[in-house]
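Visitor: Residue numbers (the working numbering): 78 to 552.
Glycine residues also receive a C-beta, built at the ideal position from the N, C-alpha and C atoms.
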Ligand code: 2GN
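1. Taking DSSP as the reference, what is the three-state secondary structure of residue 141?
2. Which residues in the same chain as residue 334 place their Cβ atom closer than 8 angstroms to its Cβ, once the five residues preceding and following it in sequence are excluded?
3. Taking all protein chains shown into account, do 16 or more other C-beta atoms lie within 10 angstroms of the C-beta of residue 497, making it buried, or fewer, making it exposed?
4. Nearest-angstrom Cα distance between residue 435 and residue 180?
5. Say yes only if the C-beta of residue 457 is nearer than 8 angstroms to one or more non-hydrogen atoms of the ligand 2GN, and no if none qualify.
6. CB residue 465 to CB residue 428, shorter than 9 angstroms?
7. Measuring CA to CA, which of 358, 235, 308, 111 is closest to residue 264?
8. Whole angstroms are fine: how far does the CA of residue 312 sit from the CA of residue 318?
9. At 3 residues or longer, what runs of the beta strand (DSSP E) sit wholly inside the stretch 264-307?
10. Between residue 164 and the ligand 2GN, is the CB less than 8 angstroms from at least one heavy atom?
11. Taking 8 angstroms as the threshold, find out whether the stretch 191-207 comes into contact with the stretch 274-285 through three or more Cβ pairs.
12. Say whether the stretch 334-346 touches the stretch 359-368, bearing in mind that this needs 3 or more beta-carbon pairs closer than 8 angstroms, one atom from each stretch.
13. Counting only runs that start and end within the stretch 417-505, where is the beta strand (DSSP E) found for 3 or more residues in a row?
14. Put residue 82 into one of helix, strand or coil per three-state DSSP.
15. Might you give, ordered along the chain, the residues of its own chain that have their beta carbon closer than 6 angstroms to the beta carbon of residue 80, omitting 5 neighbours on each side?
16. As a quick exercise: from 107, 523, 245, pick the residue whose alpha carbon is nearest that of residue 122.
17. Run through the DSSP bridge pairs and tell me what residue 199 is partnered with.
18. Leaving aside the five residues before and after residue 99 along the sequence, list all residues of the same chain whose C-beta is less than 8 angstroms from its C-beta, in chain order.
19. Please state whether DSSP places residue 377 in a helix, a strand or coil.
20. Tell me which same chain residues have a C-beta within less than 8 angstroms of the C-beta of residue 266, skipping the five on either side of it?
21. Excluding five sequence neighbours on each side, which residues of the same chain lie with their C-beta closer than 6 angstroms to the C-beta of residue 489?
22. Since residue 530 sits in a beta bridge, which residues does DSSP pair it with?
23. Going by C-alpha to C-alpha distance, which of 412, 517, 208 sits closest to residue 538?
24. Among 289, 224, 336, 416, which has the Cα closest to the Cα of residue 430?
25. Mark residue 422 as exposed unless 16 or more other C-beta atoms lie within 10 angstroms of its C-beta, in which case mark it buried.
26. Would you mind working out which of 138, 284, 94, 477 sits nearest residue 193, comparing C-alpha positions?
27. When you compare the CB positions of residue 218 and residue 393, do they come within less than 9 angstroms of one another, or not?
28. Work out the CA separation of residue 426 and residue 529 for me, nearest whole Å.
29. Excluding five sequence neighbours on each side, which residues of the same chain lie with their C-beta closer than 6 angstroms to the C-beta of residue 463?
30. So, residue 173 versus residue 158, is the Cβ gap smaller than 9 angstroms?
31. Starting from residue 42, trace the alpha helix (DSSP H) in both directions and tell me its first and last residue.
32. Using the rule of at least 16 other Cβ atoms within 10 Å of the residue's Cβ for burial, across every protein chain shown, is residue 22 buried or exposed?
33. Could you check whether the Cβ of residue 61 sits closer than 8 angstroms to any heavy atom belonging to the ligand 2GN?
34. Report all residues from its chain with a CB closer than 7 angstroms to the CB of residue 262; omit the five preceding and five following residues, and keep chain order.
35. So is residue 531 buried or exposed if we call it buried at 16+ other beta carbons inside 10 Å?
36. Does DSSP classify residue 119 as helix, strand or coil?
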C-alpha cells in the first residue's frame with residue numbers, strides 16, 4: 078500500500094499545468110449543491126477523468142464512459158485526489174454535488190479560459206486540422222507562451238480537458254475541434270470563444286453521422302458561432318461553405334484564385350518550398366504534400382496577424398515536428414480501408430470507436446471486420462472491463478471479429494456465442510506465448526478488397542505492426 082502521508086509531504090511530481098483554481102472557487106462556479114464550507118480552500122493542480130492519471134491535489138471528474146466514473150471515485154482518492162465532482166453524495170471525501178458532471182467540467186473550462194484571458198485559436202477540418210494546429214502552435218511559440226491540443230483531445234470531453242491542462246500563464250491556445258454530429262462544433266466554439274477560427278477543408282470521407290457534404294460544411298462553420306464580433310475566420314474557397322459563412326466576423330478565403338493563395342510550389346522527396354501571395358519570400362518546409370503547403374500558408378497568415386515576423390516564421394518551419402494522427406484511415410495493399418486507432422487504451426475509447434465504426438456506411442459489397450487487442454493497466458477489474466465491450470459488438474454490422482491478447486480472452490468467448498460460427502477468432506498474447514504471426518495471417522485471410530477493418534488496442538499490443546503489414550505486403 079502507498080503511504081499517503083509520505084506522498085503528501087513530498088513535492089508534487091507533476092511539473093506541467095497548475096490551474097490554481099481553488100476548491101471554493103470551483104464550488105461556486107459549478108453551483109455545488111452541497112455544503113462545502115468545511116473544506117479547506119486549497120488550490121487544485123489539474124483535472125482528470127481517468128482515475129489512473131490522478132495525482133496529489135487533482136480534481137477527479139467522474140464522467141460516464143463505457144463505465145460510470147463514479148465507480149472509480151475511491152480509486153481517485155487513493156491516488157491523491159483533493160476533490161471530486163459527483164452527481165451523488167460521496168462519503169468521507171471532499172466533493173461537489175452537481176446535476177451533470179460533464180456540463181460542470183465544460184463550465185469549469187470556460188471559466189478558466191475567461192480567467193486566464195488567453196487568446197484562443199480554433200482549428201477544424203476533415204483533413205489537415207492536426208497539421209495546421211501543430212504548425213500554428215509552433216509558429217506562435219516563437220513569440221508567445223503557447224499550448225495546444227494533444228492527441229485527439231478535440232471533442233466535448235477532450236477540449237475542456239485540454240483547456241484545464243493549459244499552464245495558467247499561457248498566452249495563446251490552439252485548440253482542435255472535431256465533429257461526430259452536427260452541433261458538436263457549436264458547443265465547442267461557444268465554450269472556447271475563439272479569437273481566430275480556421276476551417277481547413279470540407280471533405281466527404283466516411284460520413285458516419287452526416288447526411289452530405291453540405292451538412293459537414295454547416296457543422297464546421299459553426300466554429301464561428303462563439304466568436305466575438307470582428308474575429309477572423311479562415312475558410313476554404315470551396316463554394317460548399319458559402320451558405321454558412323458568418324456575417325459579423327472578418328472572413329478570409331484561401332485556395333486557388335482566392336484572397337490567400339499559393340503562387341509557387343516546389344515539391345521534393347522529403348521537403349517542399351512554397352510562396353504565397355501575401356508573403357515577401359518563399360518558405361521551406363521539412364514535410365511533403367501540396368496540402369501541407371496550404372496548411373503552412375494558413376498557419377503563416379494567422380501567425381503574421383499575431384505579430385510573428387516572416388523571418389521568425391521561416392526559421393520556425395525549419396524545425397517543425399508534427400504529431401502523428403492518432404486515429405487515421407489508411408489503405409491496405411489489397412485496397413481495403415483500415416481504421417487504425419492504436420493509442421487510447423481505455424474502455425470508453427474502445428466503445429466509442431466501435432460505435433463510430435459500426436455507424437459508417439459499408440463499402441459496396443464490402444464487409445466490416447474488427448481486430449481488438451488488450452487494453453492495458455486496467456487493474457483488478459480488467460477482464461470485466463473488457464467483457465463490457467460485448468455491448469458494442471453487433472453481429473448485424475460486424476462480419477468478423479478477431480481478438481488478440483490475454484484479458485480479452487473472455488470477451489472473445491462471449492462474442493463467439495453471439496456471432497455465427499467461424500466469424501470470431503482469438504489469438505493469445507501472454508508472457509509465455511505470442512500468436513502474433515497467426516493473428517496477422519488470419520486478418521489477411523479474412524480481409525477482402527472492399528472491406529473496412531478497425532484496429533484497436535493498447536500501444537504495447539503492437540497493432541501498429543499489423544497496420545504496417547497490411548499496408549505494405551502484397552498477398
Ligand atoms: O475516448 S476518450 O479516450 N477521449 C478522451 C477525450 O478526448 C477524446 C477521446 C475517453 C476516455 C472519453 Cl471521451 C471519456 C472517458 Cl470517461 C474516457 C475514459 O478515460 N474512460 C475510462 C474508463 C471507463 N469507462 S478510463 C478508465 C480507467 N479505469 C477503468 C475504467 C476507465 C481504470 C481502473 C480500473 C480499475 C479500477 C479503477 C480504475 C478499480 N477501482 N478497481 N477496483 N477499484
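Guide: Looking at the coordinates:
1. strand
2. 314
3. exposed
4. 27 angstroms
5. yes
6. yes
7. 235
8. 8 angstroms
9. Given a length threshold of 3 residues, each whole run of the beta strand (DSSP E) inside the stretch 264-307 is given here in chain order: 273-276.
10. no
11. The stretch 191-207 vs the stretch 274-285: in contact.
12. yes
13. 445-450, 477-482, 501-505
14. Legend: pLDDT at residue 82 = 36, less than 50; position of this residue unreliable, no value from coordinates given.
15. Because residue 80 carries a pLDDT of 37, less than 50, the predicted location of this residue cannot be relied on, and no value is offered for it.
16. 245
17. Paired residues: 252, 274.
18. 118, 119, 120, 121
19. Looking at residue 377 - three-state DSSP - the assignment turns out to be helix.
20. 199, 254, 274, 299, 300, 301, 302, 303, 304
21. 480, 503
22. DSSP, once it has assigned bridges, lists 415, 446 as partnering residue 530.
23. 517
24. 416
25. Result: buried.
26. 94
27. The answer is yes: Cβ separation under 9 angstroms.
28. 19 angstroms
29. 484, 485, 488
30. no
31. No answer is possible for residue 42: the residues shown for the chain start at 78 and end at 552.
32. Here the chain comprises residues numbered 78 to 552, so residue 22 is not present and cannot be evaluated.
33. The structure shown does not extend to residue 61, since the chain is modelled only from 78 to 552, so the question has no answer here.
34. Setting aside the 5 residues that flank it on each side, residue 262 is surrounded in the same chain by 201, 254, 256, 296, 297, 299, 300, each with a C-beta closer than 7 angstroms to its C-beta; the list follows chain order.
35. buried
36. DSSP places residue 119 in the coil class of the three-state scheme, outside both helix and strand.
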